[in-house]
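The structure under discussion appears below in the form of structure tokens.
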Amino acid sequence: MAANLQSENSNRGIRYYVSQYWQENGDPRSNGLPLIREGPWPTLFVIGIYLFFVTRMGPSMMRKREPYQLRWPMLIYNTLMVIINGYFLIQSMYWLDFGRELFNFRMPRLNELKLHTNEAKEFIWSCYLYWLTKFIDLLDTVFFVLRKKYNQISLLHVYHHSVVPILGWLYLWYRVGIPAISLFSFLNSAVHVMMYSYYALAALGPRIQPYLWWKRYLTMIQIIQFILLISYGVAVFIVSDYPSGPFWFAASQPI
Numbered sequence: 025m026a027a028n029l030q031s032e033n034s035n036r037g038i039r040y041y042v043s044q045y046w047q048e049n050g051d052p053r054s055n056g057l058p059l060i061r062e063g064p065w066p067t068l069f070v071i072g073i074y075l076f077f078v079t080r081m082g083p084s085m086m087r088k089r090e091p092y093q094l095r096w097p098m099l100i101y102n103t104l105m106v107i108i109n110g111y112f113l114i115q116s117m118y119w120l121d122f123g124r125e126l127f128n129f130r131m132p133r134l135n136e137l138k139l140h141t142n143e144a145k146e147f148i149w150s151c152y153l154y155w156l157t158k159f160i161d162l163l164d165t166v167f168f169v170l171r172k173k174y175n176q177i178s179l180l181h182v183y184h185h186s187v188v189p190i191l192g193w194l195y196l197w198y199r200v201g202i203p204a205i206s207l208f209s210f211l212n213s214a215v216h217v218m219m220y221s222y223y224a225l226a227a228l229g230p231r232i233q234p235y236l237w238w239k240r241y242l243t244m245i246q247i248i249q250f251i252l253l254i255s256y257g258v259a260v261f262i263v264s265d266y267p268s269g270p271f272w273f274a275a276s277q278p279i
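What follows is the structure in structure tokens.
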């Protein structure tokens, strides 16, 4: 009897932390959104499938196949990503209040949040949609696998695409409105506009290649982005009360 009761309490505790905990804690403005309220499990599941495909299933499937050309799918995809990232580049400028929020180093307090205003709802949904686009980014690696461009699937590339959706979920669930994340969105969107523009133009064929001389600067721009994010992140960490665990997890995020 006692053993059964203990087992039941244990199962109840597990069920609580699997689902209910995530709805009762975190940011009340966003912890009820689809894929947020269920906890980190759906995000981790998608990332698990992504990792399995790009490291095992995809290369195995392509071993005896010729690389797919995918010219038009890639042109459409990259053009769409230019538009999406251009939109969120503009949105992130509003999130940062055109730079003024960068000087706000305080962690947003739950009792200070504006819960039910139209402005808050629009802001939450905008951040939520931006997070969803990080799952679309996973197609980058899928295209590399299908085209057998394995030299472009570096450890840092896979790590970046795996970690960003997890960080995005943590941001949406824990506390929306952290300026450091908005700065990441701004810089990341700007870099992605340039990167996807290059990919889209390159998909048009060799006649366009002579006009893509600026490709050599993409790596330099990404390094500058990384330095800016790390410098700002360290400054925020020193003068604020941000949790150290999520901070160092985010700081480990390469470009």
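One rule links them: number in our numbering = place in the sequence shown (from 1) + 24.
Note that CB positions come from ideal geometry on N, CA and C, so glycine has one too.
| said: Report the CB separation of tyrosine 235 from asparagine 102 in whole angstroms; it is logged as a contact under 8 Å. | reply: Distance from tyrosine 235 to asparagine 102 at the Cβ level is roughly 16 Å; contact not present, criterion being Cβ atoms closer than 8 Å.
| field | DSSP three-state assignment for alanine 144, whether helix, strand or coil | value | Three-state result, alanine 144: helix.
| Does the distance from the CB of valine 217 to the CB of glutamine 249 come in under 8 Å? | No, these two residues do not count as a Cβ contact at 8 Å.
| task | Would you identify the three-state DSSP class for tyrosine 266, choosing helix, strand or coil? | result | Tyrosine 266: coil per DSSP, three-state reduction.
| task | Mark isoleucine 208 as exposed unless 16 or more other C-beta atoms lie within 10 angstroms of its C-beta, in which case mark it buried. | result | Looking at the sequence shown, residue 208 is not isoleucine but phenylalanine. Around the CB of phenylalanine 208, 16 or more other CB atoms lie within 10 Å, so the residue is classed as buried.
| field | DSSP three-state assignment for alanine 227, whether helix, strand or coil | value | Collapsing the DSSP output to three states places alanine 227 in coil.
| request: Please confirm whether leucine 225 and isoleucine 232 have their CB atoms less than 8 Å apart. | output: Yes; because the gap between Cβ atoms is below 8 Å, this pair is in contact.
| Do the CB positions of valine 260 and aspartate 51 come within less than 8 Å of each other? | Remark: C-beta atoms of valine 260 and aspartate 51 do not approach each other more closely than 8 Å.
| request: Go through the stretch 103–179 residue by residue and report every complete run of the alpha helix (DSSP H) that reaches 4 residues or more, in order. | output: Within the stretch 103–179, the complete alpha helix (DSSP H) runs of at least 4 residues are 142–160, 163–170.
| request: Drop a sphere of 10 angstroms on the beta-carbon of threonine 141, count the other beta-carbons inside from all chains shown, and report buried for 16 or more, exposed for fewer. | output: Exposed, by the Cβ-count rule.
| query | Given a threshold of 16 other Cβ atoms within 10 Å of its Cβ, counted over all protein chains shown, does isoleucine 251 qualify as buried or as exposed? | reply | If you draw a 10 Å sphere on the C-beta of isoleucine 251, you find fewer than 16 other C-beta atoms in it, and that means exposed.
| query | Whose C-beta lies closer than 7 Å to the C-beta of glycine 192 among residues of the same chain, with five residues either side of it excluded? | reply | Residues of the same chain with a CB within less than 7 Å of the CB of glycine 192, apart from the 5 flanking positions on each side, are Trp155, Lys158 in chain order.
| query | Mapping DSSP to helix, strand and coil, what is valine 215? | reply | Three-state result, valine 215: helix.
| Of all the options Trp238, Pro64, Ala227, which has the alpha carbon lying nearest to the alpha carbon of leucine 94? | Ranking Trp238, Pro64, Ala227 by Cα distance to leucine 94 puts Ala227 first.
| request: Just the C-alpha distance for isoleucine 262 and proline 97, rounded to the nearest angstrom, thanks. | output: Approximately 45 Å, taken between the alpha carbons.
| Whole-angstrom distance between phenylalanine 127 and leucine 211, CA atom to CA atom | Each residue's Cα considered, the two are about 17 Å apart.
| query | By how many angstroms is the C-alpha of methionine 131 removed from the C-alpha of arginine 171? | reply | Whole-angstrom Cα-Cα distance: 44 Å.
| So the alpha helix (DSSP H) glycine 82 belongs to, where does it begin and stop? | Element bounds for glycine 82: 82–86.
| said: Judging by CA-CA distance, which residue of Ser255, Leu163, Phe129, Arg61 is the nearest neighbour of tryptophan 46? | reply: Nearest to tryptophan 46 by alpha-carbon distance, out of Ser255, Leu163, Phe129, Arg61, is Arg61.
| request: Pick out whichever of Met117, Ser150, Gly123 has its Cα sitting closest to the Cα of arginine 53. | output: Cα-wise, what sits closest to arginine 53 is Ser150.
| From the beta carbon of valine 258, is the nearest beta carbon of chain C less than 8 Å away? | Of the chains in the structure shown, none is chain C; there is only one protein chain.
| task | Give the secondary structure of glutamate 48 by DSSP, where H, G and I count as helix, E and B as strand, and everything else as coil. | result | DSSP places glutamate 48 in helix when its eight states are reduced to three.
| Beta-carbon spacing of leucine 59, proline 66 below 8 Å | Taking 8 Å as the Cβ cut-off, leucine 59 and proline 66 qualify as a contacting pair.
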